[in-house]
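This report concerns only the one structure given below.
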Amino acid sequence: MKLFLLLGSISGFLSVAFGAFGAHALKEKLDEYSLGIFHTGVTYQTTHALALVLVALLLKWYPGAAGLSWAGWCFFAGTIVFSGSLYALALSGVKVLGAITPIGGVLFLIGWALLAIHAWKVVS
Numbered sequence: 001m002k003l004f005l006l007l008g009s010i011s012g013f014l015s016v017a018f019g020a021f022g023a024h025a026l027k028e029k030l031d032e033y034s035l036g037i038f039h040t041g042v043t044y045q046t047t048h049a050l051a052l053v054l055v056a057l058l059l060k061w062y063p064g065a066a067g068l069s070w071a072g073w074c075f076f077a078g079t080i081v082f083s084g085s086l087y088a089l090a091l092s093g094v095k096v097l098g099a100i101t102p103i104g105g106v107l108f109l110i111g112w113a114l115l116a117i118h119a120w121k122v123v124s
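The sequence shown begins at 1 in my numbering and counts up by one.
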């Protein structure tokens, strides 16, 4: 629980910092397309930072729920791969980085599916 709360909090902090960086420091340096890519990374990072906090809270009520832990790890890894690849793509312009972004998206989907399975099985 503590680890996912910490990871979610750090990720949320970084998403605000990256959002401000993109809005101010990168506004004059990147074209509109690249800024959009960067913003998409920030949006998904913010969303999944909150998902990590949700997992942490659920683990308080359902300690030892393996599906919840796996969901948290999928959200964390998905953020690194999805948002990280979009940040790198936007800043570098190396298009091949966009090829790994869907892997992060699949990790997000798996995390949400695991959360749904937990809800279906455990939550009354």
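The C-beta atom is built at its ideal place from N, Cα and C for all residues, glycine as well.
Bounding residues of the alpha helix (DSSP H) (the contiguous stretch that carries residue i)
i	result
isoleucine 129	The chain is shown from 1 up to 124; residue 129 falls before or after that span and cannot be answered.
valine 16	2-24
glutamate 32	32-61
alanine 65	Unbroken run through alanine 65: none, as it is neither H nor E.
leucine 91	84-92
Counted within 10 angstroms of its Cβ, other Cβ atoms place residue i as buried (16 or more) or exposed
i	result
tryptophan 120	exposed
alanine 56	buried
serine 15	buried
leucine 6	exposed
glycine 8	buried
alanine 90	buried
glycine 78	buried
isoleucine 127	Nothing about residue 127 can be reported from this structure: the residues present for the chain run from 1 to 124 only.
Integer Cβ distance of residue i from residue j, believed to fall under 8 Å
i	j	result
glycine 72	phenylalanine 13	Contact flag wrong, Cβ pair sits at about 17 Å.
leucine 58	leucine 68	5 Å
glycine 41	tyrosine 87	5 Å
Beta carbon of residue i nearer than 8 Å to that of residue j
i	j	result
alanine 65	histidine 24	no
phenylalanine 108	histidine 48	yes
serine 85	leucine 52	no
phenylalanine 76	glycine 104	no
glycine 111	cysteine 74	yes
tryptophan 70	leucine 97	no
*asked:* Can you confirm whether the segment 29-42 touches the segment 55-62 when touching is taken to mean that 3 or more C-beta pairs between the two stretches lie within less than 8 Å?
replied: Output reads no: the segment 29-42 does not touch the segment 55-62.
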